[in-house]
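Numbering (our numbering), first residue to last: 3 to 192. Notes for the one structure printed next.
The following block contains the structure:
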């Protein structure tokens with residue numbers, strides 16, 4: 003059984019080793035990466051765009067959480083793909099891999115921003131959403147972990163990769179990254 007101090011030590015190490023990069027795997031320091039994400043988010047708000055959030059399982063919960071926080075605390079229009087009727091209709095009538103991509107095809111505009119959270123970075127429905135964002139000209143931010151050779155890193159305009167070995171470490175680090183972004187957004191004038 004892992005001890006608490008071991009967990010927090012590993013978490014601190016994972017957070018210290020987060021890799022931020024732009025499309026094409028161009029490395030960024032963390033300050034520049036967060037500044038870029040904030041710039042894109044404030045531009046989305048200024049243009050009346052929408053910040054779309056997508057994730058599965060615990061990552062879907064984070065998507066819901068931060069979609070609500072961004073709308074409430076930073077006054078950015080948000081949309082999260084967690085409506086059970088929509089998910090099951092698309093999953094049944096089209097395919098589960100398109101549960102995020104299909105609504106993004108319908109509603110996404112160039113003024114919008116897509117934020118994905120995926121521990122593996124390879125979830126087919128997250129990957130397809132990132133592909134649609136690229137096709138439609140939306141900016142995209144991906145949070146991923148586990149294996150460094152995941153599809154989210156190759157598709158997103160901005161990526162935060164956590165070199166975590168477990169889902170608990172990946173999800174906890176993703177929550178910390180999202181909270182830091184949200185703290186910055188909340189501190190800005192609206």
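Glycine is no exception: its CB is placed at the ideal position from the N, C-alpha and C atoms.
(1) Specify whether the region 151-161 and the region 124-134 touch according to this definition: at least 3 beta carbon pairs, one from each stretch, less than 8 Å apart.
(2) Considering just the uninterrupted stretch of the beta strand (DSSP E) at residue 160, what are its terminal residues?
(3) Thinking C-beta only, is residue 180 closer than 9 Å to residue 32?
(4) Do residue 117 and residue 54 have their beta-carbon atoms positioned less than 9 Å apart in this structure?
(5) Using the Cα positions of residue 94 and residue 191, report the straight-line distance between them to the nearest angstrom.
(6) May I ask you to list the residues that DSSP assigns as paired with residue 19?
(7) Pick out whichever of 98, 147, 73, 96 has its Cα sitting closest to the Cα of residue 119.
(8) If you draw a straight line from the C-alpha of residue 141 to the C-alpha of residue 15, how long is it?
(9) Mind the definition here: the region 162-176 touches the region 20-32 only if three or more C-beta pairs lie below 8 Å; say whether that holds.
(10) By how many angstroms is the C-alpha of residue 149 removed from the C-alpha of residue 170?
Let's see:
(1) yes
(2) Numbered from its first residue, the chain shown carries residue 160 at position 158. First-last of the beta strand (DSSP E) with residue 160: 160-164.
(3) One-based indexing of the chain shown puts residue 32 at position 30. One-based indexing of the chain shown puts residue 180 at position 178. No; because the gap between Cβ atoms is not below 9 Å, this pair is not in contact.
(4) Taking the chain shown and counting its residues from 1, the one referred to as residue 54 is at position 52. Taking the chain shown and counting its residues from 1, the one referred to as residue 117 is at position 115. Their beta carbons are under 9 Å apart, which means residue 54 touches residue 117 by this criterion.
(5) Translated into the one-based positions of the chain shown, residue 94 becomes position 92. Translated into the one-based positions of the chain shown, residue 191 becomes position 189. Approximately 43 Å between the Cα atoms of the pair.
(6) The residue you call residue 19 lines up with position 17 of the chain shown. Its beta-bridge partners do not exist; DSSP assigns none.
(7) Looking up residue 119 in the chain shown gives position 117. Cα-wise, what sits closest to residue 119 is 147.
(8) Your numbering for residue 141 matches position 139 in the chain shown. Your numbering for residue 15 matches position 13 in the chain shown. Their Cα atoms are separated by approximately 29 Å.
(9) yes
(10) Here residue 170 corresponds to residue number 168 of the chain shown, with the count starting at 1. Here residue 149 corresponds to residue number 147 of the chain shown, with the count starting at 1. About 15 Å.
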